[in-house]
Each structure stands twice: as structure tokens, then as C-alpha cells.
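Trainee: This is the structure I have questions about; it appears just below.
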Amino acid sequence: MITLKHIEIYKSYNGDGDGFVRCATPEEKAIMDYKHWSLIESLIQDISLVKKGLASETYMKTIDERLKENCDSKETIRALRDMA
């Protein structure tokens, strides 16, 4: 489940997974793992496709469902949409 804390960590490394692996604090690593990082990247990429008008109506609905299933709140979804 993606939370605002996950997004905060992701943003603090500008989406640089290698930088996170090399420089993250033990506290950050306890919160964020590869699964969360990859999910954030995937959701941002999907949202970007929608924003650019490159997604079908069916795909947009699928993305909305993925967001609801994988995010803990509307604020988290909004933060992901803002990042895309």
C-alpha cells in the first residue's frame, strides 16, 4: 500500500532508485522497499499516459482501479497525479 510517506521518500531522491539504495537512511529503508518503489514508478508512468491522452477509456478505468487498490488515501492518489 502506497502512503504519503512513500511518496515523500520517492520525491526526496527525485525518483532515483540507485540513489535511494546507496544513500537512504535505515528508517527510510524500513518504510520503502523495491516493491513500493516500483509500484510508484509504474503508477506515475500510467498516469502520465493518461495525461498525454495516450490511454484508452478502458485503460484509464484500469489505472483508476489500480490507484484505489494500491493507495491508502485520496491524498496519496492526488500526490501521484501531481507528480506525473
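Quick note, the sequence shown lines up with residues 34 to 117 if you use my numbering. Ideal placement from N, C-alpha and C gives every residue a C-beta, glycine not left out. The structure presented is a predicted model; accordingly, all values stated were derived computationally and were not measured.
#1: Expressed to the nearest angstrom, what Euclidean distance is found between the alpha-carbon atoms of Ile42 and Asp105?
#2: If I measure Cβ to Cβ from Leu100 and keep anything under 6 Å in the same chain, skipping five residues before and after, which residues do I get?
#3: To which residues does DSSP link Cys104 through a beta bridge?
#4: Is the beta carbon of Lys38 sitting closer than 8 Å to the one on Ile77?
#5: Excluding five sequence neighbours on each side, which residues of the same chain lie with their C-beta closer than 6 Å to the C-beta of Glu61?
#6: Please list, in chain order, all residues of the same chain as Ala88 whose beta carbon is under 6 Å from its beta carbon, the five residues on each side excluded.
#7: What are the boundary residues of the alpha helix (DSSP H) that includes Gly52?
Mentor: The structure says:
#1: By 1-based counting over the sequence shown, the position of residue 42 is 9. By 1-based counting over the sequence shown, the position of residue 105 is 72. About 16 Å.
#2: Along the sequence shown, read from residue 1 onward, the residue named residue 100 stands at position 67. Excluding residues within five positions, the ones whose Cβ falls inside 6 Å are Ile110.
#3: The sequence position of residue 104 within the sequence shown is 71, counting from 1. Ile35.
#4: For the purposes of this step, residue 38 is taken as the residue at position 5 of the sequence shown. For the purposes of this step, residue 77 is taken as the residue at position 44 of the sequence shown. Lys38 is not a Cβ neighbour of Ile77, given a cutoff of 8 Å.
#5: As a working note, residue 61 is residue 28 in the sequence shown. Here the set comprises Ile42.
#6: In the sequence shown, counting from the first residue as 1, residue 88 sits at position 55. These residues qualify, in order along the chain: Leu82.
#7: The residue given as residue 52 occupies position 19 in the sequence shown. First-last of the alpha helix (DSSP H) with Gly52: Gly50 to Cys56.
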